[in-house]
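Right, one structure below, let's go through it.
Number of protein chains: 2
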Amino acid sequence: MEPRPADIEGLIALMARLPGLGPRSARRAVLHLLRKRVQVMEPLARALQQVAETACECQVCGNIGTHDICNICADPRRATGEICVVEDLSDLWAMERAGGFKGRYHVLGGTLSALDAVGPEDLRIPQLVARIADEGVREVILALNVTVEGQTTAHYIAEALAPTGVGVSALAQGVPMGGELDYLDDGTISAAFAARRRL
Amino acid sequence: MEPRPADIEGLIALMARLPGLGPRSARRAVLHLLRKRVQVMEPLARALQQVAETACECQVCGNIGTHDICNICADPRRATGEICVVEDLSDLWAMERAGGFKGRYHVLGGTLSALDAVGPEDLRIPQLVARIADEGVREVILALNVTVEGQTTAHYIAEALAPTGVGVSALAQGVPMGGELDYLDDGTISAAFAARRRL
Chain Y
1 MEPRPADIEG
11 LIALMARLPG
21 LGPRSARRAV
31 LHLLRKRVQV
41 MEPLARALQQ
51 VAETACECQV
61 CGNIGTHDIC
71 NICADPRRAT
81 GEICVVEDLS
91 DLWAMERAGG
101 FKGRYHVLGG
111 TLSALDAVGP
121 EDLRIPQLVA
131 RIADEGVREV
141 ILALNVTVEG
151 QTTAHYIAEA
161 LAPTGVGVSA
171 LAQGVPMGGE
181 LDYLDDGTIS
191 AAFAARRRL
Chain C
1001 MEPRPADIEG
1011 LIALMARLPG
1021 LGPRSARRAV
1031 LHLLRKRVQV
1041 MEPLARALQQ
1051 VAETACECQV
1061 CGNIGTHDIC
1071 NICADPRRAT
1081 GEICVVEDLS
1091 DLWAMERAGG
1101 FKGRYHVLGG
1111 TLSALDAVGP
1121 EDLRIPQLVA
1131 RIADEGVREV
1141 ILALNVTVEG
1151 QTTAHYIAEA
1161 LAPTGVGVSA
1171 LAQGVPMGGE
1181 LDYLDDGTIS
1191 AAFAARRRL
């Protein structure tokens, strides 16, 4: 007594696996697609097919794009002397949204983890070390998450880069914009206090 | 200085047009797709392509499926003597989720609207009238939304079916399951009062 054919049922199940969509909202989304076949479903199917076929990792930095060398690495306006190291594609996108950084990136693809057996080779750290000399890099900015794993990885990278003599910096830690002390965790307040600046 | 290639940007824009997804959650969904290319993006692309190619309206009832005659109309176990009239595909799915109805459907595709120039011909009402005799229908259940448009349409259909002599009923109106009077609108309480039943 299934009201929906298997194809449509399968599409709902796949949509429900996207973050932010549960079974109910996946059903609503598929209803919308079925109602707007020409205006929405067909363009979306084409776009998804296109990206699924062409998406690949940039061979230089690990960013995901549609060419062997990503938009950013291929852009002659991006400074070659600075590399911002991020854990993941989402962090690269977040840095670009914030703007301000005009250099290039290096996407690690995760953090070091003894538990999950993730070592430096799994994280493109050797490739990062190689880029320092190859591209004449002057500064590496570690934009890793402020988590135990992120900070362990930052330490490891800083040590791995020490022999190259490149400058290594990290994002400042402190009170976020709009942050109210009363709502902040103790760790953030302690870090902001320790890193206080003279005005 | 666009960090994302046009294809990926376009995919995010299309995803953001789905109900329940805004620009931010569309970005998150596409990130997820890019991270899980083989496990999620490729199956989803194939499923969407498949449904986009095969989805069509059932020639009998207007349900959307992947064949000329939908699953329900093609199912010999569904009673032919009863037709449940719904406004939209989503209402058909909701009726099927609720279970209990073992007949067939007729999807109007909207409601009558003088303002939007939607007349009976636009709503598959002539096809409904034709089905009464063709299929030997005994009862038509109007499961239209309890809105001004839905109820106007219900009235119109009841009159259009009067000459056929078929029995016409409508979903009961009253207090919903778990409904607390204090939170219900006046219209619902009035309707439930007017339709009160002797215990």
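Protein chains in written order, with the numbering used here: chain Y, 1 to 199; chain C, 1001 to 1199.
C-beta atoms are modelled at their ideal positions from N, C-alpha and C, and glycine is treated no differently.
Bear in mind that the values here come from a model prediction, so they are computed numbers and not experimental data.
Closest Cα partner of residue i within the set the options
i, options, result
"Y:L128", "Y:Y105, Y:S113, Y:V118, Y:E42", "Y:Y105"
"Y:D7", "C:G1065, C:K1036, C:A1013, C:L1144", "C:G1065"
"Y:Q49", "C:T1054, C:A1055, C:L1034", "C:L1034"
"C:E1053", "Y:E42, Y:A55, Y:L142", "Y:E42"
"C:P1003", "Y:Q173, Y:Y156, Y:L89, Y:I72", "Y:I72"
"Y:A149", "Y:V168, Y:G165, Y:G109", "First, the amino acid is wrong: residue 149 of chain Y is Glu here, not Ala. Nearest option by C-alpha distance: Y:G109."
"Y:P5", "C:S1113, C:W1093, C:R1138, C:R1028", "C:W1093"
"Y:Q151", "Y:S169, Y:D68, Y:L21, Y:E135", "Y:S169"
"C:D1091", "Y:G22, Y:R27, Y:I157", "Y:R27"
"C:V1086", "C:R1124, C:L1115, C:S1113, C:A1117", "C:R1124"
"C:T1200", "C:L1171, C:E1135, C:E1159, C:A1130", "As displayed, chain C neither begins before 1001 nor continues past 1199, which places residue 1200 of chain C out of reach and without an answer."
"C:I1157", "C:R1077, C:P1176, C:A1130", "C:A1130"
"C:T1153", "C:R1077, C:P1176, C:D1122", "C:D1122"
Beta-carbon proximity of residue i to residue j, cut-off 8 Å
i, j, result
"C:I1189", "C:L1161", "no"
"C:L1011", "Y:A74", "no"
Anticipated Cβ contact below 8 Å, residue i with residue j, distance rounded
i, j, result
"C:C1084", "C:A1143", "5 Å"
"C:A1192", "Y:P19", "Actually they do not touch by this definition, with Cβ atoms about 41 Å apart."
"C:V1137", "C:E1096", "Wrong, their Cβ atoms sit about 19 Å apart, outside the cutoff."
Rounded C-alpha distance that separates residue i from residue j
i, j, result
"C:G1179", "C:L1199", "19 Å"
"C:V1051", "C:G1174", "38 Å"
"Y:G99", "C:H1155", "59 Å"
"C:L1014", "Y:A194", "46 Å"
"Y:E139", "Y:A16", "42 Å"
"C:G1165", "C:I1141", "14 Å"
"C:R1196", "Y:L184", "55 Å"
"Y:P126", "Y:I69", "18 Å"
"C:A982", "Y:G167", "With chain C covering 1001 to 1199 only, the question about residue 982 of chain C has no answer from this structure."
"C:H1067", "Y:R37", "15 Å"
"C:L1089", "C:H1032", "29 Å"
"C:A1117", "C:L1181", "38 Å"
"C:M1001", "C:R1024", "In this prediction, C:M1001 scores a pLDDT of 44, lower than 50, which makes its location untrustworthy; the coordinate-derived value is nonetheless stated afterwards. Roughly 20 Å between the two C-alpha positions."
"C:L1112", "C:P1120", "7 Å"
"C:D1134", "C:L1021", "43 Å"
"Y:R77", "C:E1009", "21 Å"
"C:G1187", "C:M1177", "16 Å"
Any non-hydrogen atom of the ligand NAD within 7 Å of residue i CB
i, result
"C:D1134", "Among the components modelled here there is no ligand, and therefore nothing to report on the ligand NAD."
Check your understanding: Would you call the segment 1095–1112 of chain C and the segment 1046–1061 of chain C in contact, with 3 or more CB pairs under 8 Å?
Key -> When Cβ pairs closer than 8 Å are counted between the two stretches, the segment 1095–1112 of chain C is seen to touch the segment 1046–1061 of chain C, the count reaching three or more.
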